Structures are given as C-alpha cells and as structure tokens.
Amino acid sequence: MIIGSRGSDLALWQANHVRDWLLSLHPGFHVDIEIIHTMGDKILDSPLAQIGGKGVFTKEIETALLDRSIDVAVHSLKDLPTENPQDLTIAAIPERAPVEDAFLAKDISLRLMDLPDGARIATGSLRRKAQLLSKRPDLQIVDIRGNVPTRIRKLLDSDWDGMVLASAGLYRLGLTEHVAHTISLEWVLPAVGQGALGIQCRTDDAATISLLAPLDHAATRAAVTAERALLAEMGGGCQVPIGAYGRLVGEVLDLTACVASLTGESIIRASHTGLATDAERIGTELARTLLEQGGREILDVVFRMESGETRVSPRPQA
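Just so we're aligned, residue 78 is where the sequence shown starts under my numbering, counting upward by one.
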C-alpha cells in the first residue's frame with residue numbers, strides 16, 4: 078500500500094500515524110508514504126483565501142489517487158472539500174483530537190481576552206479573524222502562512238502579542254511549550270472537521286476499504302458529517318468565516334455553528350440537535366437557519382471579495 082501525504086511535519090505525522098495503525102492491525106503488511114506537493118504548499122506568500130479556494134491542500138493528492146499512483150490519502154479533514162470526487166470515498170474518519178484553537182504567546186501567562194487594546198495577533202484563518210474581531214474589534218490581525226513549526230518560530234522572532242493555531246496539530250507534534258491557553262468555544266468555533274483525519278481511497282478498491290474500516294470512529298463520523306453537510310449547504314470552503322462543532326451525547330447529536338463578517342461586526346450563531354443517524358439533515362437544516370438569519374448576506378460579501386468584486390473596509394473602532 079502507498080499512502081499519499083503532504084510533506085509538512087504535521088501531515089507526515091498523520092500519515093505515519095495511519096501507517097503504524099495499519100501495521101499494528103496487519104503485521105507483515107508493507108506500507109510506504111509518498112510525499113505530494115499541493116498548491117497550498119507551493120504558494121506561501123499569499124493568504125489562503127486568495128490562492129485557490131477549495132482543494133488547495135488536497136487536489137493534487139486526489140489526482141494521484143485517481144491516477145492509481147497511490148492507494149490511500151491521509152488528509153486533515155478540515156482541508157478536504159465537501160464535494161467528494163465521484164470515484165473516491167472517505168473510507169475512515171478516526172477518533173477526533175481536541176477541536177479547540179489555542180492561543181500561543183512568548184509569555185504563556187498572557188490571556189487573549191486580557192491583552193491591551195490594539196494587540197497584534199497572527200492567524201492565517203478568516204474564520205478565526207472574524208470571530209476574534211467580533212469579541213475584540215480592537216485587535217490587529219496579522220496574516221501568516223507556513224507549517225506549524227515555522228509559524229511558531231515567526232512568533233518568537235516577532236513583536237506580535239500572540240498567535241492562534243489549532244490545538245490538534247500542536248499536541249500531535251508535541252509543540253505545546255508556547256500554548257498559553259485553549260480558546261473557549263464560546264469565543265471561537267473551530268473549522269468544519271477540525272481535529273479529524275479523512276482517510277480517502279478509490280470507491281472501487283474493496284480490499285483497501287476493508288483494511289481501513291477498523292480505523293473509522295462512528296461518533297466522530299456522525300459529528301463531522303453534520304458539520305460538512307452544513308458547510309456544503311452554505312456553499313463554503315475551508316477558507317470562509319464559518320465555524321462549526323458537532324458532538325454526540327449518547328445518541329443525540331448537538332451541532333453549533335456560526336458565520337461572521339470579515340470585520341467581525343456581524344456574527345450569527347445557532348444550534349440544532351437531533352439523532353446521530355440524521356447527521357446530514359441536522360447540518361443542512363442548521364445551515365438554512367443561519368442563511369435565513371442573515372448569513373446569506375454575509376457570505377455574499379465574502380464571495381464577492383474573493384472574486385475581486387469588492388473590498389471590505391475595516392470595522393470602525395470604538
């Protein structure tokens with residue numbers, strides 16, 4: 078078996094994690110990892126929202142699957158578009174890591190909510206930017222790209238007051254030294270699928286689907302199915318200001334989501350619950366609620382900005 082993966086430290090950790098898991102289940106099996114460079118890895122001097130939209134970290138890997146040069150792809154699920162290619166399937170979604178974002182600082186006694194007016198915070202995510210500005214419109218957001226270790230080095234060499242990254246990647250790589258605290262879900266909802274892996278293969282490869290089946294985690298699959306259904310209904314990709322978090326309590330799935338303007342001035346947040354077996358319907362219905370409550374107008378502005386039709390002025394500060 079050949080696993081395709083991006084070449085970042087985190088992507089390779091994830092690919093090796095899946096490889097080791099498969100070898101523990103199937104001793105004597107042979108698994109190789111092939112590094113595939115995606116557009117998102119090659120273009121590092123522009124914000125993600127400006128360089129390719131959906132599939133910026135996955136398209137080349139999916140092409141390799143379809144070309145049969147690899148057998149399995151290991152993705153961060155938050156990077157995987159909701160429109161799955163017809164001949165590919167997400168064969169396994171393992172148990173999710175922590176979903177929260179983390180606040181990093183050179184002084185880990187600092188707290189994001191207590192920073193002085195005008196503090197400079199680095200993040201490459203429109204979702205984080207919008208939600209942070211909805212709570213703290215005074216913050217100065219600095220766009221940043223690069224893999225996790227590179228971003229942390231930039232923080233340490235800068236005059237920034239802090240940085241926001243996903244907790245899952247930090248803990249997987251053991252890079253928690255500069256984590257001041259995790260950010261409450263009341264402040265910032267995660268990206269759709271954050272903390273989860275999507276293990277993809279061809280739909281006609283029954284043998285590989287069978288090998289991957291034990292890696293699937295039913296509760297995580299239900300939660301992210303609802304989140305991805307919401308994102309699909311709202312027409313968004315991984316670089317839109319939409320946050321969502323689904324969780325199971327017994328057989329009940331609780332989904333909370335938000336959509337925010339890029340300045341943080343407008344934010345709409347709502348929740349929906351139902352049986353886990355209705356995960357897709359729960360996501361779709363919550364999306365429609367958000368759109369009806371003003372989310373459609375917010376996203377129209379975002380999509381026009383991405384296409385270069387308009388520019389968003391900064392939110393006036395109090």
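Built from N, CA and C at the ideal position, the CB exists for glycine as well. Keep in mind it's a predicted model, so treat the numbers as computed, not measured.
Are the Cβ atoms of Ala257 and Phe380 separated by less than 8 Å?
Taking the first residue of the sequence shown as position 1, residue 257 is located at position 180. Taking the first residue of the sequence shown as position 1, residue 380 is located at position 303. Going by beta carbons, Ala257 and Phe380 fall outside the 8 Å limit.
Coarse secondary structure for Thr366, derived from DSSP in three states
Stepping through the sequence shown from its first residue, residue 366 is reached at position 289. The answer is helix: DSSP assigns Thr366 an H, G or I state.
Decide if the region 285 to 292 is in contact with the region 300 to 314; the criterion is three or more beta carbon pairs, one per stretch, under 8 Å apart.
Because the criterion of three Cβ pairs below 8 Å is not met, the region 285 to 292 and the region 300 to 314 do not touch.
With C-beta atoms as the reference, is Val317 less than 8 Å away from Leu376?
By one-based count along the sequence shown, residue 317 stands at place 240. By one-based count along the sequence shown, residue 376 stands at place 299. Between Val317 and Leu376, the C-beta gap is smaller than 8 Å, which places the two residues in contact.
Are Ala347 and Leu367 close, meaning C-beta to C-beta below 8 Å?
For the purposes of this step, residue 347 is taken as the residue at position 270 of the sequence shown. For the purposes of this step, residue 367 is taken as the residue at position 290 of the sequence shown. Yes, Cβ-Cβ distance for Ala347 and Leu367 is below 8 Å.
Which value, in whole angstroms, describes the spacing of the CA atoms of Gly275 and Ile185?
Start at 1 with the first residue of the sequence shown, and residue 275 comes out as number 198. Start at 1 with the first residue of the sequence shown, and residue 185 comes out as number 108. Using only the alpha carbons, I get a separation of about 32 Å.
Option nearest Ala207 by Cα separation, candidates Ile170, Val378, Ile344 and Glu362:
Translated into positions along the sequence shown, residue 207 becomes position 130. Comparing Cα-Cα distances from Ala207 to each of Ile170, Val378, Ile344 and Glu362, the minimum goes to Ile344.
So which of Ala88, Gly105 and Val265 has the shortest CA-CA distance to Ile113?
On the sequence shown, residue 113 is found 36 positions in, with the first residue counted as 1. Among Ala88, Gly105 and Val265, the Cα nearest to that of Ile113 is on Ala88.
Using a Cβ-Cβ cut-off of 8 Å (strictly less than) and excluding sequence neighbours within five positions of Cys278, which residues of its own chain qualify?
Mapped onto the sequence shown, residue 278 falls at position 201. So the qualifying residues of the chain are Leu142, Asp148, Val149, Ala150, Leu165, Thr166, Ala168, Thr285, Ile286 and Leu289.
Residues near Arg96 in its chain [Cβ-Cβ closer than 7 Å; skip 5 each side]
As a working mapping, residue 96 is identified with position 19 in the sequence shown. Excluding residues within five positions, the ones whose Cβ falls inside 7 Å are Ile80, Val108 and Ile110.
Classify Asp156: buried if its beta carbon has 16 or more other beta carbons within 10 angstroms, exposed otherwise.
By 1-based counting over the sequence shown, the position of residue 156 is 79. Buried.
Would DSSP call Val225 helix, strand or coil?
Here residue 225 is taken as the residue at index 148 of the sequence shown, counted from 1. In the structure shown, Val225 sits in a helix (DSSP, three-state: H, G or I).
Can you have a look at Gln91 and say buried or exposed, based on whether 16 or more other CB atoms are within 10 angstroms of its CB?
On the sequence shown, residue 91 is found 14 positions in, with the first residue counted as 1. Classification for Gln91: buried.
Would you mind giving the Cβ-Cβ distance between Asp238 and Arg197, rounded to the nearest angstrom? I have them listed as a contact below 8 Å.
For the purposes of this step, residue 238 is identified with residue 161 of the sequence shown, where counting begins at 1. For the purposes of this step, residue 197 is identified with residue 120 of the sequence shown, where counting begins at 1. Right, their Cβ atoms sit about 5 Å apart.
Contact check, Ile359 vs Ala303, beta carbons under 8 Å:
Locating residue 359 in the sequence shown gives position 282, counting from the first residue. Locating residue 303 in the sequence shown gives position 226, counting from the first residue. A contact, by the Cβ cut-off of 8 Å.
Identify whether Ser123 lies in helix, strand or coil by the three-state DSSP scheme.
Position 46 of the sequence shown, counted from the start, is the residue given in the question as residue 123. Note that Ser123 scores 48 on pLDDT, short of 50, meaning its location in the model is unreliable; the coordinates nonetheless yield the value given after this. DSSP places Ser123 in coil when its eight states are reduced to three.
For Arg213, which three-state DSSP category applies?
The count along the sequence shown starts at 1 and reaches residue 213 at position 136. Arg213 sits in coil when the DSSP states are folded into three classes, being neither helix nor strand.
As a quick exercise: from Ser211, Glu137 and Gly371, pick the residue whose alpha carbon is nearest that of Glu263.
Here residue 263 refers to the residue found at position 186 of the sequence shown. The shortest Cα separation from Glu263 among Ser211, Glu137 and Gly371 belongs to Ser211.
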